[in-house]
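Chains as they are written, first to last, in the working numbering: chain A, 1 to 373; chain B, 1 to 373; chain C, 1 to 373.
Note that the Cβ used here is the ideal one computed from N, Cα and C, for glycine as well.
Please read these numbers as outputs of a predicted model, since none were measured by experiment.
Structure first, then comments.
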Amino acid sequence: AQGNDPKETVESNDAQSTGVAGYDDGFFIAGQLDETDDDGNEKTRHFRLEIGGRLQTQYDLLIAEEGEDLDLARSRFLIRRARLNVTGHFVSPDFTYAMQAAFDRGNPELLDYFVNYAFEPGTFEGRLGQWRVPFLRTEINSSGSLLLVDRSLTTSVFGEGFDAGMGIHNNYKKSPPFEWFFGVFNGTQTDLEVVSFDDANTPTFFYPSVVGRVAYNYGDIKGYSTGDLKGGPLRFSLGASGMTQFGLQRDNESATKATVDYILKAHGFSTSGAFMLATNQDGEALTDQNLFVTGLFVQAGYFLSEMIQPAARYSRVDYEGDDELVHEALGGLNVYFWGHSLKWQTDAGAIIVETPNDTDTAYRLRTQLTLSF
Amino acid sequence: AQGNDPKETVESNDAQSTGVAGYDDGFFIAGQLDETDDDGNEKTRHFRLEIGGRLQTQYDLLIAEEGEDLDLARSRFLIRRARLNVTGHFVSPDFTYAMQAAFDRGNPELLDYFVNYAFEPGTFEGRLGQWRVPFLRTEINSSGSLLLVDRSLTTSVFGEGFDAGMGIHNNYKKSPPFEWFFGVFNGTQTDLEVVSFDDANTPTFFYPSVVGRVAYNYGDIKGYSTGDLKGGPLRFSLGASGMTQFGLQRDNESATKATVDYILKAHGFSTSGAFMLATNQDGEALTDQNLFVTGLFVQAGYFLSEMIQPAARYSRVDYEGDDELVHEALGGLNVYFWGHSLKWQTDAGAIIVETPNDTDTAYRLRTQLTLSF
Amino acid sequence: AQGNDPKETVESNDAQSTGVAGYDDGFFIAGQLDETDDDGNEKTRHFRLEIGGRLQTQYDLLIAEEGEDLDLARSRFLIRRARLNVTGHFVSPDFTYAMQAAFDRGNPELLDYFVNYAFEPGTFEGRLGQWRVPFLRTEINSSGSLLLVDRSLTTSVFGEGFDAGMGIHNNYKKSPPFEWFFGVFNGTQTDLEVVSFDDANTPTFFYPSVVGRVAYNYGDIKGYSTGDLKGGPLRFSLGASGMTQFGLQRDNESATKATVDYILKAHGFSTSGAFMLATNQDGEALTDQNLFVTGLFVQAGYFLSEMIQPAARYSRVDYEGDDELVHEALGGLNVYFWGHSLKWQTDAGAIIVETPNDTDTAYRLRTQLTLSF
């Protein structure tokens with residue numbers, strides 16, 4: 001390492017290093033370090049760094065009904081996602097790390113930065129840092145492998161986004177037969193500054209949100225990639241997640257969310273969907289929960305050829321208390337130039353907002369090129 | 001790719017990968033992937049990633065006349081540009097990508113993120129994403145190969161900066177004999193949020209700014225690198241660009257800009273310059289345009305030796321309506337340690353602001369080290 | 001380099017490039033370029049780029065006494081440091097560069113971006129750009145090799161952080177026997193915008209802060225890495241730094257800071273500490289300085305085995321004028337899985353704030369995993 005390097009380096013008594021670089025499902029640098037420790041034992045250490053990016057450039061058009069006319073509400077080019085990521089393993093293939101920074105829309109921010117250690121690979125692993133809370137299936141699903149241009153509108157209502165915390169799991173993103181995850185998170189993505197509990201007169205030592213998820217996966221399914229790009233026989237996954245935000249309990253304001261979801265693929269056809277609900281505390285006890293919003297979506301797509309996939313989705317969000325119902329129906333067409341790494345997606349449809357007195361409709365069209373290198 | 005990698009990867013049935021890394025006008029990782037598809041056909045895919053940066057550290061001094069005295073208006077070290085970029089090609093050398101993030105002055109933001117596909121290399125290419133709008137020659141010119149410490153003051157008046165959009169061209173940055181670009185952009189770099197057209201009662205489906213540029217290039221000129229670093233016989237380029245911002249038409253506020261420019265190099269000598277004008281709509285019709293500002297600059301430099309280049313520039317901006325005239329005259333000296341990649345530039349001069357009642361003068365000195373790796 | 005590359009490239013008449021990549025105390029790409037100049041002379045140019053990161057994920061608990069009770073003031077997961085860095089050398093091993101960006105807590109910013117040239121390696125070197133001002137020993141010390149979870153609270157009072165400037169030195173971070181640094185900096189990290197001196201009626205051409213540091217290093221000590229990870233005989237370092245901020249002189253507000261510090265290591269034991277003071281101008285002359293705050297800390301640690309190191313620190317800050325005294329006492333335990341590159345640190349203790357009328361106590365617990373790749 002350089003003399004004026006900001007990083008601190010490991011010193012080894014006797015080490016030999018070999019390396020290689022290239023492209024293998026991602027640009028990489030990999031190296032080995034053969035060490036001899038003080039007792040003469042040899043060990044080989046493994047290091048890998050991958051550099052990747054994702055660019056999603058979108059044209060986004062939104063037209064709203066206003067009275068009897070249609071009004072242009074939005075017409076723009078949008079750098080929907082401008083990502084840079086660095087991932088790999090360090091010392092051992094079982095100790096992995098991932099960093100992802102977003103430069104979307106000109107506001108850089110950290111999305112992922114975590115380490116993952118496989119105590120028993122695929123059986124018992126631990127993760128620490130910041131990453132997307134694995135509550136909704138559609139949020140675990142990479143933004144680079146969505147069935148339509150973007151996620152369902154239910155995601156912005158029920159999703160958890162990126163949060164700092166820790167969890168244990170059995171490599172849930174790889175869809176093992178009985179998949180599970182359990183974790184604790186800050187539960188306050190937007191405010192990581194000092195949280196003061198003025199009204200608390202007893203020390204309370206832990207106020208996190210807790211998240212649990214299980215799924216049953218049948219067949220060799222990739223449960224977190226929509227679309228049946230590679231084809232194959234019938235495969236499916238059934239999942240369920242729950243989370244409770246204890247953090248707001250102090251004002252009798254705890255919140256609970258739950259979801260059940262599925263994905264099914266067969267011979268180029270795929271369908272997936274989910275039902276979600278959220279409750280708010282409505283009394284002094286944590287169990288006095290009041291249902292205030294439910295959501296669901298269902299979507300399906302089919303590969304007409306290796307490259308062409310039409311798809312459609314229906315979503316709805318029902319605000320129980322406010323008597324407001326939002327529907328979205330979208331149809332789309334995807335063209336895969338190089339799998340999910342280089343593809344062009346277009347979708348169009350309507351968003352309808354129903355209230356007791358009024359019904360508003362807006363029409364949208366989005367077309368987006370994705371490059372994931 | 002790693003199991004907990006944020007990016008989604010391509011799966012190939014049967015692929016062999018080879019790779020290499022090093023320095024060749026930039027640090028790079030390159031790889032090939034030899035694929036056999038289902039029909040037994042072999043294809044070779046090409047991948048390349050380059051990592052680069054640019055650091056421009058400047059000492060900046062500004063002294064203003066105030067009454068009869070000279071006052072120090074500014075004395076500072078400035079991290080003028082702190083860039084990190086990732087560029088390369090993906091699947092084919094004809095499909096290129098580029099990302100550039102700026103960390104200048106502590107405010108990170110995305111500058112470039114685009115893809116470029118050469119349908120016919122050098123003849124017909126398409127570009128999509130965010131990059132510097134190719135309106136002014138001096139803006140297409142990289143900030144790493146300027147003749148003086150920074151661009152002319154006309155650039156801040158007439159330049160378009162970085163914007164999201166799409167365009168077609170014949171590899172304009174490489175100065176083909178008849179160079180052309182045509183594109184559409186958001187035209188609203190500073191506000192990518194919802195644009196509401198409250199006063200519109202008809203749906204209007206496209207409100208972009210459109211930009212066109214042509215140039216004639218004689219000899220093997222690099223039209224977007226000032227200075228004749230390599231020497232050679234007489235070469236020159238003549239260019240013209242126009243743009244109209246339809247986006248503001250709704251309030252009878254469309255704007256139009258035009259420029260003509262040149263660059264000439266011969267035997268170590270170089271000169272370049274441009275004239276620009278901008279009009280504002282001044283009536284109900286799009287054609288009711290009112291000239292409100294003009295600008296011009298001319299600059300020249302000469303290599304006394306391989307490393308030493310004195311240079312000078314005169315710029316003026318004339319605000320027609322406001323009766324204000326701004327001049328800038330600068331002289332400078334450049335020392336090239338390793339071409340444009342490692343050089344030290346110094347310039348000094350005066351800025352004069354003339355109004356009917358007053359003439360203000362300020363003196364500036366800037367000295368800057370550039371590293372582009 | 002790519003045609004649509006944002007960076008400008010060096011052209012060489014006749015150059016051959018060879019390269020290598022891997023892991024050697026950091027992921028790297030290195031290359032050589034054998035050039036033949038116009039006179040037929042051969043030169044070999046050396047290039048190296050290293051990519052690294054640092055992730056520190058912390059659980060942070062703070063409990064404050066309020067009246068007779070203890071109150072939870074803070075309980076959170078914290079992405080304490082989320083860094084990405086690019087370092088290396090360019091053209092020659094003597095010309096090094098370093099960039100470090102922080103994505104901590106979701107607010108990306110530039111920390112380091114500088115170049116360093118060794119005119120005489122280890123004897124006379126120059127540095128230009130932005131980096132951590134080498135005033136406090138504990139700030140020169142990388143955040144990846146601290147003895148406890150974070151720096152002493154004296155650092156937030158007396159530290160200078162990252163600033164733009166230039167300096168000369170004899171490779172001070174490598175602890176040569178007689179180590180020295182002298183530099184000038186902006187002195188205004190938080191405000192790099194126009195500084196106007198309204199009350200000055202004479203032009204004044206330079207208003208920087210100046211910093212000097214010297215140290216005597218005995219034995220083969222790494223003076224800027226706490227802890228005696230590798231063991232060895234007695235080694236120590238004694239240092240002293242001073243700085244004056246002339247920038248505020250215009251309002252008779254110049255400030256001066258000074259520190260003396262030490263570090264000693266022997267056979268797995270290490271101790272370090274510092275005394276600091278700061279004065280403010282208290283009259284019209286620059287020499288009318290008034291002491292207003294002093295600070296000190298002392299810390300020690302011992303390796304019980306190759307991996308396990310208990311440690312402790314006492315810090316105090318004494319605000320002379322305000323009659324306020326802050327103490328902090330911490331005990332900690334460090335587990336080194338792979339040197340400083342992968343380690344787990346925990347510390348706990350009390351912060352006591354004494355004023356003439358009151359004594360407030362808070363208790364803290366922090367546990368943090370560090371990965372530096």
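In this structure H340 (chain A) is not in contact with S92 (chain A), their Cβ atoms being roughly 29 Å apart against a cut-off of 8 Å. Here H267 (chain C) is exposed: its Cβ has fewer than 16 other Cβ atoms, across all protein chains shown, within 10 Å. Around the C-beta of K43 (chain A), fewer than 16 other C-beta atoms lie within 10 Å, and the residue is accordingly described as exposed.
DSSP places R151 (chain B) outside both helix and strand once states are collapsed to three, so it counts as coil. In the structure shown, S75 (chain B) adopts extended strand secondary structure according to DSSP, grouped into three states. Selection B:N217, B:A300 and B:P208 evaluated against A255 (chain B) yields B:P208 as nearest (Cα-Cα).
Along the segment 120-146 of chain A, going in chain order, the ones with a CB nearer than 9 Å to a CB of chain C are L128, G129 and Q130. In this chain, the alpha helix (DSSP H) harbouring T138 (chain C) covers R137 to I140.
Distance from the CA of R45 (chain B) to the CA of V335 (chain A), rounded to the nearest whole angstrom, comes to 19 Å. Around the C-beta of N116 (chain C), 16 or more other C-beta atoms lie within 10 Å, and the residue is accordingly described as buried. The C-beta of R76 (chain B) comes closer than 8 Å to at least one C-beta of chain C. In this structure, S270 (chain B) sits away from L277 (chain B), with a CB-CB distance that is not shorter than 8 Å. Cβ neighbours of R54 (chain C) within its own chain (closer than 6 Å, five residues either side excluded): R81, R83, G144 and S372.
When the five nearest sequence neighbours on each side are left out, the beta carbons in the same chain lying within less than 6 Å of the beta carbon of L61 (chain C) are those of S75 and L365, in order along the chain. Here G88 (chain C) is not near R127 (chain C), since their CB atoms are 8 Å or more apart. Look at the beta carbons and you see the segment 118-135 of chain B touching the segment 153-170 of chain B: at least three pairs across the two are nearer than 8 Å.
Rounded to the nearest angstrom, the gap between the Cα atoms of D220 (chain B) and L238 (chain B) is 13 Å. Between P233 (chain C) and F181 (chain C), the C-beta spacing is not below 8 Å.
In this structure, DSSP gives Y224 (chain A) a state outside helix and strand, which the three-state scheme calls coil. L78 (chain C) and E320 (chain B) have their C-alpha atoms roughly 56 Å apart.
Counting other Cβ atoms within 10 Å of its Cβ, S175 (chain B) reaches 16 or more and is therefore classed as buried. In terms of Cβ geometry, T346 (chain A) and D323 (chain A) do not form a close pair [threshold 8 Å]. E354 (chain A) is bridged by DSSP to A:L325 and A:T359. Shown in chain order are the members of the segment 323-354 of chain B whose Cβ falls below 7 Å from a Cβ of chain C: W338, G339, H340, S341 and L342. One Cα belongs to F178 (chain C), the other to R213 (chain C), and the distance between them is close to 11 Å. Under the 8 Å criterion on CB atoms, T18 (chain A) is classed as interfacial with respect to chain C. Not a single C-beta of chain C is nearer than 8 Å to the C-beta of G268 (chain B).
Here Y218 (chain C) is exposed. Its C-beta has fewer than 16 other C-beta atoms within 10 Å. In the three-state reduction of the DSSP assignment, F158 (chain A) falls in the helix class.
In the three-state reduction of the DSSP assignment, K173 (chain C) falls in the helix class, which pools H, G and I. For G301 (chain B), the CB contacts under 6 Å within the same chain, skipping 5 residues up- and downstream, are L147, G227, S270, Q309 and A311 in chain order. Along the segment 21-54 of chain B, the positions whose C-beta sits under 9 Å from a C-beta of chain C are A21, G22, Y23, D24, D25, G26, F27, F28, I29, R48, E50, I51, G52, G53 and R54, read in chain order. For Y314 (chain B), the closest of B:G40, B:G349 and B:A285 by C-alpha to C-alpha distance is B:G349. For D318 (chain C), the secondary structure class from DSSP, reduced to helix, strand or coil, is strand. Between T359 (chain C) and F95 (chain C), the alpha-carbon positions lie close to 53 Å from each other.
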